[in-house]
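There are 2 protein chains.
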Amino acid sequence: MGTKDVLKNSSASLNVDLSVIIDNYQTLKGKSNTADCAAVVKANAYGIGMDKVAPALYNHTKCRIFFVANLVEGVNLRKILSAATIYVFNGLFPDQVDTYIDHNIRPILNNPAQIGLWQNEKAPCAIHFDTGINRLGLSEAQTDEFLNEKHQLNLSLILSHLVRSEEADHPTNRTQMEKFRKISTELPNVPASIANSGGIFLGPDYHFNLMRPGIMLYGGNPGLPKLPDGIKQSIEIKGKILQIRELDTGMSVGYNAIWTASRPSRIALINVGYADGQLKVSDRHAKVFVAGNLAPVIGKVSMDMVAIDITDEKFDRVTVANDVELLGANITLEMAGEVSTLGQYELLTGIGQRYNKNYNLGAYA
Amino acid sequence: MGTKDVLKNSSASLNVDLSVIIDNYQTLKGKSNTADCAAVVKANAYGIGMDKVAPALYNHTKCRIFFVANLVEGVNLRKILSAATIYVFNGLFPDQVDTYIDHNIRPILNNPAQIGLWQNEKAPCAIHFDTGINRLGLSEAQTDEFLNEKHQLNLSLILSHLVRSEEADHPTNRTQMEKFRKISTELPNVPASIANSGGIFLGPDYHFNLMRPGIMLYGGNPGLPKLPDGIKQSIEIKGKILQIRELDTGMSVGYNAIWTASRPSRIALINVGYADGQLKVSDRHAKVFVAGNLAPVIGKVSMDMVAIDITDEKFDRVTVANDVELLGANITLEMAGEVSTLGQYELLTGIGQRYNKNYNLGAYA
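Residue numbers (this note's numbering), protein chains in the order written: chain G, 5 to 369; chain X, 5 to 369.
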């Protein structure tokens, strides 16, 4: 076995099922009969790997529109997908205009100053009209002003952001959607987009011309009561058992001795720590899946390892080098998010750099 | 200006002062008149960049011994430093023996099975004797057994891990140290090491032959009442202002509207979000430094941006594209750790991948 295989075999792994991401895209796109569907691949495709996710969607679906957060991500994506339409959420700084144009990337203009910078360009752009999130985007007054003046922009998209799309019954959603519909009516020839993952499930009024899911592509739940049918988790994280220890009653484990054995105990040390992103020092109720059962994380998570309690008989056959699931079919993102110091979005975007990463196209290979 | 400069200018940045890391090393090494001093560079040198930190220490100090967490990190470090001594904390799996030897990397053997795997090798190795942390390492019974039998290992180091070295007065420290001294006495020709960053400040009894600081090299505080004299923070994280908004009283900001303006407010959006690691969704008291003053983070941190309140007069001159310090001379790791959902170790090892990274050797260039 060569060095590469040895290192691969002994490492914790991130396994990404790209076919699930493709299927999730199709499921989300299927929620509308009329609207197109883009893919949000910012933050390295939510930590999963933009260089693998974006081509999988481009090559195996009709997804042609991608959203990233900033121009660096846009330029990186352009190297991967030469023909895709790429929008950048965070807008543009004065010195970025030429770079946007040179790389055929479309800025989402967020205020009058940015509109001014793009005013004389023939290349397409988008405008973000703020309907209540009060982060980026044109304010209500700036929106009115823009709609009342003539502009020479080559607008290929207008968009807005929902504040709480995962709360289906909250009146803010309808208020935002109606504000956006009014704007859209005044720009009848420009495609419009307001629906993120949660927005897609608010119904057809929210689909407009383009839906733009992010977390649900990857199988995360933005906060809906349950993950919609057809949306599956695309990633799995597995560690390996480094060592097994027998402890007497009263012996404590790890830094600051925050866990003490209340019975003669058998513990296993796994080769994943807080530097790998999934488990955090302040986690107190995390579990992993090993030998067909859930096992509790005990003691303080260390930088490069974590201890689990495998005293119970059901773990008798657990041994060194066994795989341990930290995230996957048995520990879903939803389960992890419920007990974690962090939320599902953070668990994804915080995936560490040390995993041996495997990408599988499944039936689409 | 070329694409590279444009992207660099508009990005949030991680600035690493390698000269500070070099000086911190010298300060720590100076705490003992007799012991040598290694550098712990696991987890990508605590998130800062092993490929820059390790050569800086090797080329500008007499540091010749480096510790990493696993064999992948060891092989990566060997590519960078061909002559350094490299130890791997997490021990070895059965199929790794040849890879350790081929790359001249020394395993830290953590149990009798691992000792058995290395028994017939002439290459040097270390043994970890557990004195109470109950993670990896030989248990008390295994230690006795090892000391009572003849072994043929080429032992270049023995070590142990302190449970709570940052609590100077806790009796566990002395108990561990004395246990380890007893073991060391029985292996009189083998260099010994128990002091991590905190352990160095427990005094000469803890220095043995080799000290091995980690977080203090980088200027983090493992939990001492205050950062010792001469230890300085080596990193700075800066974002840029994307946009400034004027809000009326009653307008809310960000997802789920958790912050509402109680007065006419001026807010700024910064191009750093939870995907960049520093600020987390559950943070409620984080601050940043802009225009010579601290400004509070408001609302829910987004994936790619965060809002701050710059209503006060002292922020009047703040404008788009201004730099904002998230970590640095004015927001120390200690200050950040106090208000963060995460601790200092996690803030370091969680540094995101999107920063424009700058490494500066300062006076050592």
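C-beta atoms are modelled at their ideal positions from N, C-alpha and C, and glycine is treated no differently.
- At a cut-off of 8 Å, the C-beta of LYS46/G has a neighbouring C-beta in chain X.
- The beta carbon of ILE84/X sits closer than 7 Å to those of ASP55, ALA58 and PRO59, all from its chain and outside the five residues before and after it, given in chain order.
- Contact annotation: ALA42/X and ILE25/X have beta-carbon atoms that are not nearer than 8 Å.
- A contact is defined here as three or more CB-CB pairs under 8 Å, and the region 277-284 of chain G meets this definition with respect to the region 295-312 of chain G.
- Any Cβ of chain G closer than 8 Å to the Cβ of LYS183/X would place that residue at the interface, and such an atom is absent.
- Excluding its 5 nearest sequence neighbours in each direction, GLN123/X has C-beta neighbours in its own chain below 8 Å: HIS155, GLN156 and LEU157, listed in chain order.
- Nearest to ASN19/G by alpha-carbon distance, out of ARG288/G, SER188/G and ILE241/G, is ILE241/G.
- Taking the beta carbon of THR7/X as reference, the chain G residues within 8 Å of it are VAL79, THR103, ASP106 and HIS107, listed in sequence order.
- Collapsing the DSSP output to three states places THR264/X in a strand.
- When Cβ pairs closer than 8 Å are counted between the two stretches, the region 195-202 of chain X is seen to touch the region 165-172 of chain X, the count reaching three or more.
- If only complete runs of 3 or more residues are kept, the region 93-172 of chain X shows the beta strand (DSSP E) at 110-113, 128-132 and 158-163, in order along the chain.
- Residue contact with chain X for THR315/G: absent (no Cβ-Cβ distance below 8 Å to any residue of chain X).
- In chain G, no part has a C-beta under 8 Å from the C-beta of THR323/X; the shortest such distance is about 10 Å.
- Against chain G, a Cβ distance below 8 Å from ASN115/X picks out GLN247.
- Interface criterion met: the Cβ of LYS284/X is under 8 Å from a Cβ in chain G.
- Apart from the 5 residues on each side of it in sequence, ARG270/X sits with its Cβ closer than 6 Å to the Cβ of GLU250, ILE314 and THR315 in its chain, given in chain order.
- The beta carbons of LEU246/X and MET309/X sit closer together than 8 Å.
- Take the alpha-carbon of ILE131/G and the one of HIS289/G: they are about 44 Å apart.
- Within the region 291-317 of chain G, not a single complete alpha helix (DSSP H) segment reaches 4 residues in length.
- THR345/X places its beta carbon 8 Å or farther from that of ASP252/X.
- Chain-ordered, the chain X residues with CB closer than 9 Å to the CB of TYR349/G read TYR278, ALA279, VAL285 and MET307.
- The count of Cβ pairs closer than 8 Å, one atom from the region 252-267 of chain X and one from the region 217-227 of chain X, stays below three, leaving the stretches out of contact.
- Beyond the five residues adjoining it in sequence on each side, ILE119/X comes within less than 6 Å, by CB distance, of LEU113 in the same chain, given in chain order.
- Per the C-alpha coordinates, the member of SER17/X, CYS67/X, SER23/X and ASN37/X positioned closest to ASN364/X is SER23/X.
- Apart from sequence neighbours up to five positions away, the residues of its chain that approach GLY234/X with a beta-carbon distance below 6 Å are THR31, ordered along the chain.
- Under a 10 Å Cβ-count criterion, MET181/G is classified as buried, with 16 or more other Cβ atoms of the shown protein chains found around its own Cβ.
- Excluding sequence positions up to five before and after ASN297/G, its CB lies within less than 7 Å of the CB of LYS318 and PHE319, all in the same chain and listed in chain order.
- Not flagged as an interface residue toward chain G: VAL292/X, since no C-beta distance is shorter than 8 Å.
- Judged by beta-carbon spacing, ILE274/G lies within the 8 Å limit of ILE312/G, meaning their Cβ atoms are closer than that value.
- Think of a sphere of 8 Å around the beta carbon of PHE150/G: no beta carbon from chain X falls inside it, the nearest being about 15 Å out.
- Here the region 65-80 of chain G lies against the region 96-108 of chain G, with 3 or more beta-carbon pairs under 8 Å apart.
- The alpha carbon of CYS67/G has as its nearest neighbour, out of ILE90/G, ARG139/G and ASN48/G, the alpha carbon of ILE90/G.
- Runs of alpha helix (DSSP H) with 4 or more residues, each lying fully within the region 322-362 of chain G, are found at 337-343 and 348-353, listed in chain order.
- Between ASN360/X and SER17/X, the beta carbon gap of about 5 Å places them in contact (Cβ cut-off 8 Å).
- Look at TYR62/X: its C-beta is not under 8 Å from any C-beta on chain G.
- Close CB contacts of LEU159/G within its chain, under the 6 Å cut and outside five residues either way in sequence, are with VAL194 (chain order).
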